[in-house]
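**Q** I have a structure I would like to understand better, so I am pasting it below and will then ask my questions one at a time.
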Amino acid sequence: DVWSDKMSFEGPNGGNPTNGNGQPLLGSNDTSRVQIIVTCITCLVAASILRWLHSRRHPSSSSSSSTVKINSGDNGCNDPNCIRCHSMSTTHIKKFQRNATLLRRLVKLEPEMFEGMREDVWRAVEEMEQLMTHGHITAKSKKQPKPTQSSTDGIPPSPQPGQDPTVFFLPNLAALPFHHVPCIKDCPCARLWTTIPPHKHSPPIILTGDMEALRTNYAVIKRELMSVMSSSEDLFTTFDSAVYNQVHNINSQQPEWSSIYLYHQGIQQSEMCNKYFPQTTNILETKCPHRMAGKCGLGSVYFSKLKNNTKVKEHCGPTNVRWRCHLPLFVPQSSKSYLFVGLAGVNEERISWKEGVPILFDDSFVHSAEHNTDNSTVGGERIVLIVDLWHPSLSDADRTAIGVLYPPGY
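So that you can map any letter, position 339 of the sequence shown is 345 in our numbering, and since no number is skipped, the others follow by simple counting.
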């Protein structure tokens, strides 16, 4: 054709275009310039493609928002201070990095405080740092560690299907959605139900198990709440409507989930505790040795109220280093009210609330709740006291380390 008659790209000049007589169209200097320009353009295009691919895989690097959730599919609230829903915010990332550095220093300065601390804590810290810095965990860290001596025989260790905490995950902890009485043999939950013998160096005081203490003091806690509710002052605060909806759309009653916090993200709400709930607070502080609130920012204590026709959306708690207790205080008799914990079709269990009978479950598993009744007793509302407890397999050194990483008010 006309083009091949006038120019050839297969000449003897290493790809330099030639005319029909075989003479190069460009001089050697011109050829070098062209090659440099082509190389620069190729590098720029490649860099642009890599930047685009990185932004697709790790939105935190390119997004203008200062908040990126670990579990983007989770039903989170819009409160930027909520550690469960916004643990990847710029503020929380800086806090964790600072606290991880502090923990390393403390271990060197006060080694006796952390004697016996499980190695999995360090692995979890390293993975969090990688996630915060690079947006992913390296292949080396993804390898499953060998079960530690603290893992309980016969009880599946974490992680388990449906277990996806949004903030801090510690492997090799006993992991069951619910803990019934009696539970699986040798389950560490027994430490929360039964009498704890005194340490040989401790004062001669027998502490009852946390769950048993809450059960036996159910009437005291309920009576104190009733006194508060009978006053003209409404202390319940509504949660973000993004985390709950209706059980039945045909029901005209609007859903509502609200709370009264005694401890919020580890910090005691002093006025609420001292002025309105002194007896409940005393029970928590003197009879619940595994209480997490006040010692760690991953633990809270609050009264949780569901109005009729309310469903709390599926979500996972922030960590598997805690277990959650529900102490039911008001449950209308004719209600169809259930707590669902676990992955549907795999390990999900459904349980109903009964007044005065505490429920113990691992809220790092996906869970939800719904309340529906025609009974008008106490407005047809379901009210429970929620208490976060340390995972009973954790040693004092483990708890101290996690408390440094996530102190009250984190």
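All residues carry an ideal CB built from backbone N, CA and C; glycine is no exception.
Quick caveat, the model's predicted, so the values are computed rather than measured.
#1: For P311 and I408, what's the separation of their Cα atoms in angstroms?
#2: For the alpha helix (DSSP H) that contains F102, what are its first and last residues?
#3: On a CA-only basis, which of Q275, P413 and D394 is nearest L241? Give me that one, please.
#4: Spatial neighbours of N314 within its chain, please: CB distance less than 6 Å, with the 5 preceding and 5 following residues excluded, ordered by chain position.
#5: Alpha carbon to alpha carbon, how far is R297 from S401? Give it in angstroms, no decimals.
#6: Looking only at its chain, what residues have a beta carbon closer than 6 Å to the beta carbon of P414, apart from the 5 residues adjacent to it on each side?
#7: So the candidates are K100, I227 and D369; which of them puts its Cα closest to the Cα of Q285?
#8: Return the chain-ordered list of same chain residues with a C-beta closer than 6 Å to the C-beta of F174, the five sequence neighbours on each side being excluded.
#9: Counting C-beta neighbours from all protein chains within 10 Å, is the total for R356 16 or more, i.e. buried, or is it exposed?
#10: Going straight from the alpha carbon of S370 to that of P194, what length do you get?
#11: Looking only at its own chain, which residues have a Cβ that is under 8 Å from the Cβ of M134, when we skip the five neighbours before and after it?
#12: Taking the alpha-carbon of E320 as reference, which of M119, R229, G362 and Y344 has the nearest alpha-carbon?
#13: Whole angstroms are fine: how far does the CA of C331 sit from the CA of V393?
#14: Tell whether a beta-carbon distance below 8 Å holds between S83 and F245.
#15: Note down the Cα distance separating S237 from R229, rounded to an integer number of angstroms.
#16: Go ahead and pull the three-state DSSP assignment for D394.
#17: Please report how far the alpha carbon of I76 lies from the alpha carbon of T97, in whole angstroms.
#18: Do you know offhand how far E132's Cα is from E361's?
#19: Is it buried or exposed for T383, if we count other Cβ within 10 angstroms and need 16 for buried?
#20: Taking only three categories from DSSP, how would you classify H140?
#21: Taking the C-alpha atoms as reference points, what is the distance between Q252 and P261?
#22: Rounded to the nearest angstrom, what separates G351 and N280 at their Cα positions?
#23: In chain order, which beta strand (DSSP E) runs of at least 3 residues are fully inside the segment 288-374?
#24: Do you know offhand how far T172's Cα is from N255's?
#25: Could you have a look at Q275 and say whether DSSP puts it in helix, strand or coil?
#26: Please say whether Q169 and A181 have beta carbons closer to each other than 8 Å?
#27: Tell me where the beta strand (DSSP E) around Y250 begins and ends.
#28: When you compare only the Cα positions, how much space is there between V307 and P117?
#29: Taking V318 and V249 to be in contact with their CB atoms under 8 Å, please state how far apart those CB atoms are, rounded to whole angstroms.
#30: Taking 8 Å as the threshold (C-beta atoms), are W396 and R405 in contact?
#31: Residues in its own chain within less than 8 Å of T200 by CB, not counting five upstream and five downstream?
#32: Counting only runs of 4+ residues fully inside the segment 160-236, write out the alpha helix (DSSP H) ranges in chain order.
#33: Buried or exposed for C46, please, with buried defined as at least 16 other CB atoms from any protein chain shown within 10 angstroms of its CB.
#34: For I266 and G122, what's the separation of their Cα atoms in angstroms?
#35: Give the secondary structure of T379 by DSSP, where H, G and I count as helix, E and B as strand, and everything else as coil.
**A** Based on what the coordinates show:
#1: Residue identity check: residue 311 is Lys in the sequence provided, not Pro. Linking K311 to I408 through their CA atoms gives a straight-line distance of about 30 Å.
#2: Boundaries of the alpha helix (DSSP H) around F102: T96 to L115.
#3: Distances from the alpha-carbon of L241 to those of Q275, P413 and D394 put Q275 closest.
#4: Closer than 6 Å at Cβ, skipping near neighbours: Q259, T379 and G386.
#5: Straight-line measurement puts the Cα of R297 at about 14 Å from the Cα of S401.
#6: By the criterion of a C-beta distance shorter than 6 Å, P414 is surrounded in its chain by G272, I273 and G303, once the five residues flanking it on both sides are discounted.
#7: From the listed residues K100, I227 and D369, the smallest Cα separation to Q285 is found for I227.
#8: Correct list, in chain order: T325.
#9: Exposed is the call here.
#10: Rounded to the nearest angstrom, the two C-alpha atoms are 17 Å apart.
#11: Only F102, A106 and F174 meet the Cβ criterion.
#12: With distances taken between Cα atoms, E320 lies closest to Y344.
#13: If you draw a straight line from the Cα of V393 to the Cα of C331, it comes to about 5 Å.
#14: Looking at the sequence shown, residue 83 is not Ser but Cys. Yes.
#15: Cα-Cα distance, rounded: 13 Å.
#16: Here D394 sits in strand by DSSP.
#17: Legend: pLDDT at I76 = 40, less than 50; position of this residue unreliable, no value from coordinates given.
#18: Their Cα atoms are separated by approximately 43 Å.
#19: Caution applies to T383, whose pLDDT of 48 falls short of 50 and renders its modelled position unreliable; the value that the coordinates give is listed next. In this structure T383 is exposed. Its beta-carbon is surrounded by fewer than 16 other beta-carbon atoms within 10 angstroms.
#20: Residue state for H140 is assigned as helix, using DSSP reduced to three classes.
#21: So the alpha carbons of these two residues sit roughly 5 Å apart.
#22: Distance between the alpha carbons of G351 and N280 is about 45 Å.
#23: Entirely contained in the segment 288-374, the beta strand (DSSP E) runs reaching 3 residues are, in chain order, 307-312, 316-321, 328-336, 344-347, 355-357 and 365-367.
#24: Rounded to the nearest angstrom, the gap between the Cα atoms of T172 and N255 is 30 Å.
#25: Three-state result, Q275: coil.
#26: Contact: yes.
#27: Counted as a single uninterrupted DSSP element, the beta strand (DSSP E) harbouring Y250 occupies residues Y250 to Q252.
#28: Each residue's CA atom was taken as its position, placing V307 and P117 some 31 Å apart.
#29: With a beta-carbon spacing of about 7 Å, V318 and V249 fall inside the 8 Å limit used to define contacts.
#30: Between R405 and W396, the gap from beta carbon to beta carbon is short of 8 Å.
#31: The beta carbon of T200 lies closer than 8 Å to those of G215 and E218 in the same chain, with the five residues before and after it left out.
#32: For the segment 160-236, whole alpha helix (DSSP H) runs of length 4 or above, ordered along the chain, are 196-199, 216-222 and 224-236.
#33: Under this definition C46 is an exposed residue.
#34: Looking at the two C-alpha atoms, the distance is approximately 37 Å.
#35: For T379, the three-state secondary structure derived from DSSP is coil.
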